[in-house]
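So the protein lines, in turn, are chains A and B.
For the first sequence, our numbering assigns the number 131 to the initial residue and increments by one for each residue that follows.
For the second sequence, our numbering assigns the number 63 to the initial residue and increments by one for each residue that follows.
C-beta atoms are modelled at their ideal positions from N, C-alpha and C, and glycine is treated no differently.
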Amino acid sequence: MVHNCVTIKGTLNGLMIILDTNRDFDELRENLAAKFAAAQGFFQGATVSLLPTSPLSHDQTEELEAICREYGLVPKAGAVYKPFHRKRNAARKAKRQAAGSLTEELPTLLEEGNLRNGQVIESPGHVMFVGAVHQGALIKAAGNILVMGNLMGSAYAGINGNRQAVIIAHRLFPEQLAIAGVIARSPEHNTRRPYPEIARLINNKIVIEPYLNIKRI
Amino acid sequence: MGEVIVITSGKGGVGKTTTTANLGAGLASLGKKVVLVDTDIGLRNLDVVMGLENRIVYDLVDVVEGRCRLKQALIKDKRLESLYLLPANQTRDKSAINRQQMIKLTEQLREDYDFVLIDCPAGIEGGFKNAVAGAEQALVVTTPEVAAVRDADRIIGLLEADDVEALRLIINRLRPDMVRKGDMMDIEDIMEILAIDLLGVVPEDEYIVVSTNRGEPAVLGGHSKAGQAYHNISRRLLGEEVPFLNWETGNGIMARLKRLIGLG
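Laid out in structure tokens, this is it:
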């Protein structure tokens, strides 16, 4: 749910705890303890990596790790989440960097549930949304926006002016899309296409294409 | 401890008050002790729909401001022994009460009643916030119209953020004939958009106008379709498994024939 600031995921390498740092630190701390308490020892002995959506201070990290230990979890020493990248040849990497690719620098916010009419997600990085974005809802991100579900509301990518930002949705039926301040709206007639699509900024226009092949951007 | 359920919709005119009155009467006729709370201060209507308007002496605001005891303000229904109404004040506005007062009031009521049904005002402002303050469950009422469904979606988002746990949907004023012709949103369209549990579907029924004017909930009198639907919803609120009425299938002679031979 949108108001959940602590999300616990099981992975091959133990538990991954995603912390929404847009929230107050006290709230995060209480929420974390409450989740562990509710699990009643279920997590005992599990290794755990803390994954803040933006970096926490050393003291704050220590404090959260202490809570983990208190409930019998084992924080991984210096566990930091690094996005996984396939090795690319130098030329391609250089090309990507020249094109101003964002993926290396920005954090990604992962949210689940339904973003309902009137609700807004705003992120200084990328947004990955698992669920439906309803009419009247809005996602704003400095980076890319990926919606695994129906995008029926609005999505503004590259809000700080990054023209390379993209919007991808499993089903793209938006009210409005914007990339780097260039806005497009859906055509008046119903144009629902039953496949994933990608929206990009090309020559100051938003262009939508099927997103079916693996080759990206 | 009784259940505290708020009946809300966002948009006005979709049938919150009618639903509150009918579910209250439905639950009471099934033997439960029920109190209805009208939180639409300044625009009260639940008393009229219940036909109790000329029995009001004290109201919700009198109770929270301590001008009377809670029991003095509760009006006993004229048909059902176990049904009570706490009416709204008509001279003040929504700011006459606050969230803490509502929480205290609902805590008090749930000690004595099996169900506390709160009729919420339209909108998302103070009146809505007060109405949902003490509720742990919500029934979201919508009609098969784009505007009502959009508002219901907004309301569901706000209820989720307010930690109301059980959210269920009632689709009101459905017209099966229009759905069949493709002129009205059908149940599946609405469920796809709102993505919460469906508690019941109430068909459009002229009898609702009659019963509202008479001040007699449809669930009690006659055999109207809407009354039957409200009766079923009341039973579902008590945890019974009641199959959904088959509004989608036709009632013409061909449709009935097809059903008879197992094709419909």
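Of the listed residues the options, nearest to residue i (C-alpha basis)
i	options	result
residue 291(B)	271(B), 267(B) and 274(B)	267(B)
residue 152(A)	305(A), 201(A), 196(A) and 241(A)	241(A)
residue 249(B)	240(B), 239(B) and 233(B)	233(B)
residue 190(B)	172(B), 214(B), 116(B) and 205(B)	214(B)
residue 303(A)	339(A), 271(A) and 290(A)	339(A)
residue 182(A)	255(A), 276(A), 280(A) and 282(A)	255(A)
residue 178(A)	170(A), 144(A), 161(A) and 169(A)	144(A)
residue 276(A)	161(A), 306(A), 301(A) and 290(A)	301(A)
residue 316(A)	205(A), 176(A) and 281(A)	281(A)
residue 254(B)	267(A), 326(A), 244(A) and 291(A)	244(A)
residue 100(B)	118(B), 212(B) and 91(B)	118(B)
residue 266(A)	256(B), 188(B), 236(B) and 246(B)	256(B)
residue 144(B)	209(B), 91(B), 77(B) and 237(B)	91(B)
residue 127(B)	162(B), 115(B), 139(B) and 116(B)	162(B)
residue 172(B)	132(B), 202(B), 203(B) and 153(B)	132(B)
residue 298(A)	314(A), 312(A) and 341(A)	341(A)
residue 244(B)	220(B), 219(B), 223(B) and 206(B)	206(B)
residue 291(A)	168(A), 305(A), 283(A) and 312(A)	312(A)
residue 229(B)	108(B), 296(B) and 217(B)	217(B)
residue 341(B)	148(B), 210(B) and 141(B)	Nothing in the structure corresponds to residue 341(B), since chain B is present only between 63 and 326.
residue 223(B)	192(A), 248(A), 168(A) and 175(A)	248(A)
residue 318(A)	327(A), 305(A), 268(A) and 329(A)	305(A)
residue 335(A)	327(A), 314(A), 326(A) and 328(A)	314(A)
Close-in-space but distant-in-sequence residues of the same chain around residue i (CB under 7 Å, 5 per side omitted)
i	result
residue 68(B)	180, 182, 193, 194, 197 and 200
residue 201(A)	166 and 173
residue 295(A)	232, 273, 274, 287, 288, 309 and 310
residue 298(B)	261, 262 and 304
residue 274(B)	80 and 111
residue 252(A)	270
residue 175(B)	64, 95, 96 and 97
residue 238(A)	255, 256 and 258
Residues of its chain near residue i, where Cβ-Cβ distance is below 8 Å and the 5 sequence neighbours each way are ignored
i	result
residue 158(A)	135, 136, 149, 150, 151 and 194
residue 140(A)	146
residue 327(B)	This structure does not reach residue 327(B), given that chain B is present from 63 up to 326, and the question cannot be answered.
residue 199(A)	205
residue 286(B)	267, 269, 270, 273 and 280
residue 78(B)	69, 70, 71, 181, 182, 184 and 203
residue 227(B)	198 and 199
DSSP beta-bridge partners of residue i
i	result
residue 253(A)	271(A)
residue 110(B)	Note: residue 110(B) sits in no beta bridge, so no partner.
residue 181(B)	69(B) and 100(B)
residue 265(B)	236(B)
residue 137(A)	148(A)
residue 205(A)	178(A)
residue 309(A)	287(A) and 312(A)
Residues of its chain near residue i, where Cβ-Cβ distance is below 6 Å and the 5 sequence neighbours each way are ignored
i	result
residue 293(A)	310 and 331
residue 164(B)	192, 195 and 196
residue 114(B)	137 and 147
residue 176(A)	144, 145 and 203
residue 261(A)	242, 243, 244 and 279
Given 8 Å, three or more beta-carbon pairs between the segment 71–88 of chain B and the segment 153–172 of chain B | no
If you measure beta-carbon to beta-carbon, which residues of the segment 209–234 of chain B are closer than 7 Å to chain A?
-> 212, 215, 216, 218, 219, 222 and 223
Three CB pairs or more closer than 8 Å across the segment 69–78 of chain B and the segment 114–131 of chain B | no
Spell out a yes or no on whether the segment 95–111 of chain B and the segment 253–261 of chain B are touching, meaning 3 or more CB-CB pairs, one atom from each, closer than 8 Å.
-> no
The segment 249–263 of chain B: which residues have C-beta closer than 8 Å to a C-beta of chain A, in chain order?
-> 255 and 257
Three-pair Cβ contact test at 8 Å for the segment 160–173 of chain B versus the segment 312–322 of chain A = no
Taking Cβ-Cβ distances below 9 Å as the criterion, which residues of the segment 263–282 of chain A are in contact with chain B?
-> 264, 265, 266, 267, 280 and 282
Relative to chain B, which residues along the segment 243–261 of chain A have a C-beta separation below 7 Å, given in chain order?
-> 244, 246, 247, 248 and 249
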